[in-house]
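Here's the structure, in structure tokens; my notes come after.
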Amino acid sequence: MKKLLSKKLFFWMLPLFVFGACNKDGVKVVATQGTPSDLTASTQALNYTTADSANDAISFSWGESDFGYSAAVTYYLQFSYKDSDFSKVYSLAAGNALSQSFKVADFNTIVLGAKYTAGQQNTVSVRVKAQISDSNYVYSNVLQITVTPYQTERVITYPPLYVPGDYQGWGPGSAIIAKLYSPADNKVYDGYINLPSDTNYFKFTAEPDWDGTNYGSGDNIADGGGLSTDGGAGNLMVVGAGYYLLHADIPNLKWTATLQNWGIIGDFNSWGTDVPFDFDEVNQVLVKTIQLPAGGFKFRANQSWEGNDANPNYGGTYDPTSGNVALSLGGGNITIPTAGTYKITLDLRVPSEPVCTIAQQ
Numbered sequence: 005m006k007k008l009l010s011k012k013l014f015f016w017m018l019p020l021f022v023f024g025a026c027n028k029d030g031v032k033v034v035a036t037q038g039t040p041s042d043l044t045a046s047t048q049a050l051n052y053t054t055a056d057s058a059n060d061a062i063s064f065s066w067g068e069s070d071f072g073y074s075a076a077v078t079y080y081l082q083f084s085y086k087d088s089d090f091s092k093v094y095s096l097a098a099g100n101a102l103s104q105s106f107k108v109a110d111f112n113t114i115v116l117g118a119k120y121t122a123g124q125q126n127t128v129s130v131r132v133k134a135q136i137s138d139s140n141y142v143y144s145n146v147l148q149i150t151v152t153p154y155q156t157e158r159v160i161t162y163p164p165l166y167v168p169g170d171y172q173g174w175g176p177g178s179a180i181i182a183k184l185y186s187p188a189d190n191k192v193y194d195g196y197i198n199l200p201s202d203t204n205y206f207k208f209t210a211e212p213d214w215d216g217t218n219y220g221s222g223d224n225i226a227d228g229g230g231l232s233t234d235g236g237a238g239n240l241m242v243v244g245a246g247y248y249l250l251h252a253d254i255p256n257l258k259w260t261a262t263l264q265n266w267g268i269i270g271d272f273n274s275w276g277t278d279v280p281f282d283f284d285e286v287n288q289v290l291v292k293t294i295q296l297p298a299g300g301f302k303f304r305a306n307q308s309w310e311g312n313d314a315n316p317n318y319g320g321t322y323d324p325t326s327g328n329v330a331l332s333l334g335g336g337n338i339t340i341p342t343a344g345t346y347k348i349t350l351d352l353r354v355p356s357e358p359v360c361t362i363a364q365q
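Just so you know, my numbering puts 235 at position 231 of the sequence shown, and the rest follows in order with no gaps.
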């Protein structure tokens with residue numbers, strides 16, 4: 005009887021032992037929310053210019069974040085967009101590194117990419133995001149970095165033809181000078197020049213001095229005609245102040261000048277009278293700071309919708325993130341989604357490759 009009872013108890017308790025053994029097969033690991041990193045910077049005030057572009061600018065360092073177990077943590081250095089309070093960020097993946105250093109040129113690109121204004125002192129907010137999954141991450145403390153970014157310049161590498169004249173003191177090597185460019189490198193050049201007087205004289209030079217081949221008038225005809233390399237050739241001339249598209253065909257010794265005064269027209273002025281661009285003689289580009297409502301606008305020459313070579317117009321697509329406008333001849337309206345004050349820069353130095361940027365002020 006006792007043996008029978010013992011057997012029954014053994015078989016009744018056996019599942020309990022089995023169940024208990026199964027519970028010891030593994031240990032469940034639960035990630036915690038994570039401890040935030042402590043972010044520090046080598047400086048919190050930057051003052052630099054384009055001449056410093058290759059120098060060291062700033063370094064950021066942060067401690068490890070702990071999520072409760074040995075997890076693979078990925079860190080992101082984040083810069084808040086201007087006035088966004090981190091609702092929009094410029095984010096740089098740092099992998100598992102605990103520091104990041106930047107040269108002046110690289111940090112300047114980041115600040116401009118986060119929509120801070122060139123030429124003005126800005127306060128940039130910076131933090132680190134530590135993440136082990138899409139749903140489990142933590143942010144560091146926020147640092148405030150004061151910086152005045154410089155505007156990056158477009159670099160044109162096409163062969164140039166220099167245009168010295170009375171408008172700039174007849175200096176081929178002057179910092180202020182119009183140039184024509186040959187994208188095909190075939191000695192056929194195009195470019196724009198701003199001429200302020202009713203009568204304007206100039207020449208073309210192959211070098212930024214008078215020692216190379218120089219081109220004057222071959223027939224003394226204004227606004228276009230023949231070119232001459234004779235040292236005694238007269239000056240080239242246009243009659244009337246304005247912004248001119250110049251074309252120089254060196255193989256055939258011909259040139260033309262076409263008046264194209266550019267302006268802005270759109271919803272902001274009920275598509276009425278064009279607002280003319282201003283001319284930045286240092287950078288040789290068109291600029292305008294203007295109050296705009298949300299809506300569309302275009303650029304056109306000579307207040308004309310003809311859309312031909314003499315009177316073109318540009319539309320395009322504006323990217324609020326980069327500030328760039330993809331221009332197209334006769335294209336659709338350039339649309340601004342938010343009302344505000346904007347600085348528009350229209351760079352026509354290479355006429356076949358126009359560049360436009362729009363920066364909210």
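Glycine included, every Cβ here is placed at the ideal spot set by N, Cα and C. None of these values were measured; they are calculated from a predicted model.
Practice problem: Using alpha carbons as the reference points, say which of Y346, N315, K92 lies closest to T121. | Solution: Its Cα nearest to that of T121, the residue Y346 stands out among Y346, N315, K92.
Quiz item: Is there contact here, the region 87–98 with the region 44–55, by at least three beta-carbon pairs under 8 angstroms?
Solution: No, because fewer than three Cβ pairs between the region 87–98 and the region 44–55 fall closer than 8 angstroms, the two stretches do not touch.
Exercise. For chain B, find out if any of its Cβ atoms is closer than 8 angstroms to the Cβ of V291; answer yes or no.
Key: The chain labelled as chain B is not found in the depicted structure, where only one protein chain is given.
Quiz item: Residues bridged to Q364 by DSSP?
Solution: The partner list for Q364 (beta bridge, DSSP) reads Y346.
Quiz item: Does the distance from the CB of I294 to the CB of D278 come in under 8 angstroms?
Solution: Not closer than 8 angstroms, so no.
Quiz item: Where in the region 135–168 do unbroken runs of the alpha helix (DSSP H), each at least 4 residues long, occur, reported from the N-terminal end onward?
Solution: The region 135–168 contains no whole alpha helix (DSSP H) run of 4 or more residues.
Quiz prompt | Buried/exposed call for V286, threshold 16 Cβ in 10 Å | solution = That one is exposed.
Quiz item: Out of curiosity, what's the CA-to-CA distance linking V167 and G220?
Solution: A direct Cα-Cα distance of roughly 11 angstroms separates V167 from G220.
Quiz item: Nearest to D253 by CA position, among D189, G246, Y205, is which residue?
Solution: Comparing Cα positions, the closest option is D189.
Quiz item: Using 8 angstroms as the threshold, is the region 72–81 in touch with the region 128–138, meaning 3 or more CB pairs across them?
Solution: Contact between the region 72–81 and the region 128–138 is present: 3 or more CB-CB pairs across the two stretches fall below 8 angstroms.
Quiz item: Quick one: complete beta strand (DSSP E) runs, 3+ long, within the region 196–239?
Solution: DSSP runs (the beta strand (DSSP E)) wholly in the region 196–239: 203–206, 218–221, 228–232.
Quiz prompt | Whole-angstrom distance between V142 and S308, CA atom to CA atom | solution = In this model, S308 and V142 are separated by some 56 angstroms (Cα to Cα).
Quiz item: For T54, which residues of its own chain have a beta-carbon under 6 angstroms away from its beta-carbon, when the five flanking residues on both sides are left out?
Solution: Y154, listed in sequence order.
Quiz item: Which runs of the beta strand (DSSP E) spanning at least 3 residues fall entirely within the region 259–345, listed in chain order?
Solution: Listed in chain order, the complete beta strand (DSSP E) runs (minimum 3 residues) inside the region 259–345 are 266–270, 282–284, 289–296, 299–305, 317–322, 328–333, 338–340.
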